[in-house]
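Written out below as structure tokens is the structure these notes cover.
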Amino acid sequence: MKKMQFLSILVITAFIFGCKEEQKEINGSAVMTQAAEVVVQTREVQDPVQADTIEVGNVTRTEEEWKKILGPEEYHILREAGTEPAFRNAYYDNKKEGIYYCGGCSLPLYSSNTKFDSGTGWPSFYAPIDPKLVERKMDRRYGMERVEVVCAQCDSHLGHIFPYEGVPTEERHCLNSLALDFKQTDI
Ligand SMILES: [Zn+2]
3 MKKMQFLSIL
13 VITAFIFGCK
23 EEQKEINGSA
33 VMTQAAEVVV
43 QTREVQDPVQ
53 ADTIEVGNVT
63 RTEEEWKKIL
73 GPEEYHILRE
83 AGTEPAFRNA
93 YYDNKKEGIY
103 YCGGCSLPLY
113 SSNTKFDSGT
123 GWPSFYAPID
133 PKLVERKMDR
143 RYGMERVEVV
153 CAQCDSHLGH
163 IFPYEGVPTE
173 ERHCLNSLAL
183 DFKQTDI
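Letter 41 of the sequence shown, counting from 1, is numbered 43 in our numbering, and no numbers are missing.
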């Protein structure tokens, strides 16, 4: 009889411990999930391979609002489709590894992985981090037909896209440094 009692206690104890263990696992996996999400958020900026995790929202501001958050030069480039001078801009010769963000809304747009020296005096890339991050528009200003490239999230002017032989996409995204913010990262 005593043996039976002992066995019952053993079974009950085992059950209680089993529940605790399960509880722990649930808590553990919840913590793990949160940690994993943080890692993904960090990596989407640092590593272009995570491009599919970058979400493109919709940033709309009035011209007055744009003028408040941008300097006059940035405003001219981003909102009036201006062009900065060749060879006299921040990033044309920048060879550091990192990500180039939209100067209007901070969306990560281009990576040093696709930057190349075009010799034109403007920062040149053969592709954005992901095609969804930029939009193409026909630009017929100044009597020319050019393909304008704008940020997909805030519609700010970045530069133009030209045919270019010798790079994987056979096109050059000719951008204005003033339209971009560069942050150095280990890619
Ligand atoms: Zn933008």
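Where is the CB? At the ideal position from N, CA and C, for every residue including glycine.
Here DSSP, grouped into helix, strand and coil, assigns LYS70 to helix. Between TYR128 and the set GLY161, ALA154, MET140, TYR144, the nearest pair of CA atoms involves GLY161. Proximity to ligand 1 was defined by a C-beta distance below 6 Å to any of its heavy atoms, and the residues meeting it, in sequence along the chain, are CYS104, GLY106, CYS107, LEU109, CYS153, GLN155, CYS156, SER158.
Among the bridge pairs identified by DSSP, SER126 is matched with PHE118, CYS176. When DSSP states are grouped into helix, strand and coil, LYS98 belongs to the coil group.
In the structure shown, PRO165 adopts extended strand secondary structure according to DSSP, grouped into three states. A residue is called buried when at least 16 other Cβ atoms come within 10 angstroms of its Cβ; TYR144 does not meet this threshold and is exposed.
DSSP, read as helix, strand or coil, puts ARG138 in strand. Closest option to LEU80, judged by alpha-carbon separation, among ASP54, ARG90, TYR103, THR122: TYR103.
Under the 10 Å beta carbon count, GLY73 is surrounded by fewer than 16 other beta carbons and is classified as exposed. Residue state for TYR93 is assigned as coil, using DSSP reduced to three classes. In this structure, TYR112 and SER179 do not form a Cβ contact; the two beta carbons are roughly 12 Å apart against a cut-off of 8 Å. Listed as beta-bridge partners of ASP183 by DSSP are TYR103.
Just so you know, the alpha carbons of THR171 and LYS117 end up roughly 12 Å apart. At least 8 Å separates the beta-carbon of ARG138 from that of GLU147. Per DSSP, the continuous beta strand (DSSP E) segment holding LEU111 begins and ends at 110 to 113. VAL152 is not a Cβ neighbour of LEU109, given a cutoff of 8 Å.
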